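One structure is given here, and the rest of the page talks about it.
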Amino acid sequence: MHFHILGTGAVGCHIACLLRLNNHKVTLILRSQKALHDFKTRNQSISLTLKGKPLLVGGFNSMVVHSISSQGPLIECLIVATKAQSVIEAVSPLKDRLTRNSTVLLLQNGMGVVEELMDTVWYGQSHPCILVGVNRHATQRISAFKVINHFGWVHPEGLVVSEWRQTGESKQGFPVLKSLSNIKDLQLKIVSWENLQNRMAKKLVINASVNPVATILNLSNGEMLDGSPYTLNLIRELCYEAYSVLENFLPGETAEILFEGVVDSLRQSKSHYCSMLQDIQSERPTEVDYINGYICRIGKDQDKDFKFNQAMVDFIHAKESGKKAVENSK
Numbered sequence: 001m002h003f004h005i006l007g008t009g010a011v012g013c014h015i016a017c018l019l020r021l022n023n024h025k026v027t028l029i030l031r032s033q034k035a036l037h038d039f040k041t042r043n044q045s046i047s048l049t050l051k052g053k054p055l056l057v058g059g060f061n062s063m064v065v066h067s068i069s070s071q072g073p074l075i076e077c078l079i080v081a082t083k084a085q086s087v088i089e090a091v092s093p094l095k096d097r098l099t100r101n102s103t104v105l106l107l108q109n110g111m112g113v114v115e116e117l118m119d120t121v122w123y124g125q126s127h128p129c130i131l132v133g134v135n136r137h138a139t140q141r142i143s144a145f146k147v148i149n150h151f152g153w154v155h156p157e158g159l160v161v162s163e164w165r166q167t168g169e170s171k172q173g174f175p176v177l178k179s180l181s182n183i184k185d186l187q188l189k190i191v192s193w194e195n196l197q198n199r200m201a202k203k204l205v206i207n208a209s210v211n212p213v214a215t216i217l218n219l220s221n222g223e224m225l226d227g228s229p230y231t232l233n234l235i236r237e238l239c240y241e242a243y244s245v246l247e248n249f250l251p252g253e254t255a256e257i258l259f260e261g262v263v264d265s266l267r268q269s270k271s272h273y274c275s276m277l278q279d280i281q282s283e284r285p286t287e288v289d290y291i292n293g294y295i296c297r298i299g300k301d302q303d304k305d306f307k308f309n310q311a312m313v314d315f316i317h318a319k320e321s322g323k324k325a326v327e328n329s330k
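And the structure:
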């Protein structure tokens, strides 16, 4: 099967390598001619550390997104691993090469991405099969086309996927799901859309509780877990507030059970630095508007309290602006 991948950060490079290691054809769609040049100087290969072992994975095809012709061959499967705020801009140029027979897999943090994409790009129109995934692999981008997978290959649910709004068994997306299921180190699990929404909400609670705190304090997951008790107190407040807003997505859960899940997630990935901190360190925009920001939007609609999550949104945007100001003053 031929996979096209948008986004060559930690998640995109990790998935791309696993696909190539399982003999799939993979084309990386890069954002600029500079990125294409950099990739070609690396002999179109990606460095992946998996299970503690460094691998150099090659055999990729590559192209630049803005040079893609709408008259080119149809895309069989498009994996979108860009940041949430970049999905619409990244996918729109490819619209004419995505048909009802195509499959699109979205792998973003946060919630609200798929609805925004459908309302903007395919509103009221025929559209590809849309798959949405919750990624449990802890991956870190060390530099361009160099990533480490810290955790996930032994987790029975490393990547959980469902077809968007699918009520019965998915047939259109089956070939893609079958191909991904055969990749042992990916640890794919296929669930219903309702089940996936529940898992997305759980992951959102974890990310909303952990990511902004780690980013503000510049800490790894393990440093937050083993450091000051005040850090865990702040994480708890964010977790409890997120649960109060998202409880309709989380039947049978309690705030304390979710907090225990947050702590367990930190324990399983102690050496990992969250993606939001990685973004700030690399002077990239974060996904905070789709994580804590999403909780704030839902909280406002429900007239719920969301002051802790709003404070995190403000803090992270302040750090983004501060980084830009420092860079511009040099």
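Numbering follows the UniProt record's numbering, in which position 226 of the sequence shown is assigned residue number 226; successive positions increment by one, without gaps. Just so you know, even glycine gets a beta-carbon here, dropped at the ideal spot from N, CA and C. None of these values were measured; they are calculated from a predicted model.
Short Cβ contact (8 Å threshold) for residue i with residue j
i, j, result
"Ser220", "His272", "yes"
"Val263", "Leu225", "yes"
"Val134", "Val160", "yes"
"Lys184", "Ser47", "no"
"Pro93", "Ile68", "yes"
"Val11", "Leu105", "no"
"Thr99", "Leu78", "no"
"Leu117", "Val65", "no"
"Ile298", "Leu246", "yes"
"Gly72", "Arg97", "yes"
Assigned exposure category for residue i - 16 Cβ within 10 Å defines buried
i, result
"Leu56", "exposed"
"Gly9", "buried"
"Ser329", "Caution is warranted here: a pLDDT of 49 is assigned to Ser329, below 50, making its placement in the model unreliable, and the coordinate value is therefore given only provisionally. Exposed, since its Cβ has fewer than 16 Cβ neighbours within 10 Å."
"Ile257", "exposed"
"Thr286", "buried"
"Arg136", "buried"
"Gly322", "exposed"
Among the options, the one whose alpha carbon lies nearest that of residue i
i, options, result
"residue 344", "Ser228, Glu283 and His137", "Absent from the model: residue 344. The displayed extent of the chain is 1 to 330, so no value can be given."
"Glu237", "Val205, Gly252 and Val176", "Val205"
"Ser228", "Glu241, Val213, Lys146 and Pro285", "Val213"
"Ile280", "Lys51, Tyr294 and Thr215", "Thr215"
"Leu266", "Leu186, Arg97, Thr231 and Gly58", "Thr231"
"Trp193", "Tyr123, Val114 and Ser45", "Val114"
"Asn309", "Ser244, Glu320 and Ser269", "Ser244"
"Asn61", "Arg20, Ser126, Leu234 and Lys203", "Arg20"
Chain-order list of residues whose beta-carbon lies under 6 Å from that of residue i (same chain, five-residue window excluded)
i, result
"His2", "Lys25 and Glu76"
"Ala90", "Leu6 and Thr82"
"Met312", "Pro212 and Asn292"
"Asn207", "Asn109 and Ile291"
For residue i: DSSP bridge partner residues
i, result
"Ser47", "Leu56 and Lys146"
"Lys189", "Val160"
"Ile5", "Leu28 and Ile79"
Sequence-distant residues of its chain with Cβ nearer than 7 Å to residue i (five each side left out)
i, result
"Gly112", "Tyr290 and Tyr294"
"Cys239", "Val205, Ser209, Ala255, Leu258, Phe259 and Val262"
"Gln140", "Ala10, Val147, Ile148, His150, His272, Tyr273 and Gln278"
Interface flag, residue i vs chain B, CB-CB below 8 Å
i, result
"Arg97", "The structure shown contains no chain B; it is built from a single protein chain."
Nonlocal neighbours in the same chain, by C-beta distance under 8 Å from residue i, ignoring five residues either side
i, result
"Val191", "Val160, Val161, Ser162 and Arg199"
"Ser102", "Leu74, Ile75, Glu76, Cys77, Leu78, Pro128 and Cys129"
"Pro156", "Gln187 and Lys189"
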